[in-house]
Amino acid sequence: MSNVTEENQPENAADPPAVDAETCDEVTEEHEETLVSEDTTPNASMPIPSDSTEAIPEPVDEHADEPEEGTYEVPDDLDERVEAALLTSPQVMNANRIGKALGGLPSKIIVEAIDRLNIVYAESNRSFRIEQVAGGWRIMTLPEYGDVLAGISKQRTTETKLRPPQLETLAIVAYKQPVTRVDVEMIRGVACGEVLRSLMERHLVKVVGRADEIGRPMLYGTTKKFLEVFGLNSTKDLPNVEEIGID
C-alpha cells in the first residue's frame, strides 16, 4: 500500500444542524444500509459469522460442470490459447472459466497448461509468471521488477490512490474481519464511518453480516476486489500481524 497525502474534504456544502451522538450513530447506520443494498455479493472466501441472519450464497465450485472424458478435444496449441486468454482478460480467471472459453476443457487440463507455461517463462528468464490471485489466475510481474511498476504507478491519478486514513482502516478490516465499525474506531481512536463508506464505494470493503450483540451492528470484511488490487490469493497471504504492528 503506497503512502499518499491526506486531503480533508467537507461532507456537505452547508453546515449541518447540531445533533447528539446517538442521532449521529443512527444516521451513519442508515447510510451504511443504503450502501449495502448496492454492494456486490459477499465473497465466498470471506469469513462469515455463523450466527448471521443474512442469506449467504454457497461458494461456487470451480470444478462444477466439468466435461466428461472423451467429450472434448485438446488443441495442439492449448498453451498458447491459455496464455492469450489470460493476457486479454481484464479480470482474474479461474481454470473452469478459461476451459469454457476454450471450447469446454476441464480445469485439470488448463492447470497443466499453466504449469508448462510457467516452466517456459522460467527457462527463458521472463519477467512474469502466472500466479494464483483471488481464487483464479493472472499474469503478474516478478517482485524483482517492482521498481518498474513503481515508476509506472506514479502516473496514476490521485483519484485511484488511497489516503492514509483509508489505508489504515482497510488494514484493520483486513486483519480483524469480520469487524464492527466501533471496533475499528477503538483501534484507530477516531470516527471511521465516512472512511468505511469510501472504502465500500471503491468495493474494497463490504458488509458481511451482523454481530451477535446489542443493536446487531454491521460486520465488515474485505472483498474479492481487495485481493485483486493487492495481488493476494486469499487473506491468508497477508503479511504477519507482528510485521505491521496490529495487536
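In our numbering, each residue carries its 1-based index in the sequence shown increased by 102. Backbone N, C-alpha and C fix where the C-beta goes; we use that ideal spot for every residue, glycine too.
Asked: Of all the options Ser191, Gly201, Asp181, which has the alpha carbon lying nearest to the alpha carbon of Tyr174?; Found: Gly201
Asked: Is the Cβ-Cβ distance between Leu321 and Val309 less than 8 angstroms?; Found: yes
Asked: Label Asn342 either buried or exposed according to how many other C-beta atoms from any shown protein chain fall within 10 Å of its C-beta, with 16 as the threshold for buried.; Found: exposed
Asked: For chain C, find out if any of its Cβ atoms is closer than 8 angstroms to the Cβ of Val331; answer yes or no.; Found: Structure shown: chain C not included; a single protein chain is present.
Asked: Name the DSSP bridge partner or partners of Lys308?; Found: Gly323
Asked: Per DSSP, which one or two residues make a beta bridge with Thr282?; Found: Leu321
Asked: Taking Met242 as part of the beta strand (DSSP E), name the residues at either end of that continuous run.; Found: 238-243
Asked: The alpha helix (DSSP H) that contains Glu182, what's its start and end?; Found: 180-190
Asked: Between which two residues does the beta strand (DSSP E) harbouring Val235 extend?; Found: 230-235
Asked: Within its chain, find whatever has a CB closer than 6 angstroms to the CB of Gln234; leave out the 5 residues flanking it on each side and keep chain order.; Found: Asn335
Asked: Using a Cβ-Cβ cutoff of less than 7 angstroms, which residues in the same chain neighbour Ser300 once the five nearest sequence positions on both sides are dropped?; Found: Gln268
Asked: Exposed or buried, which one is Gly205 when buried takes at least 16 other CB atoms within 10 Å?; Found: exposed
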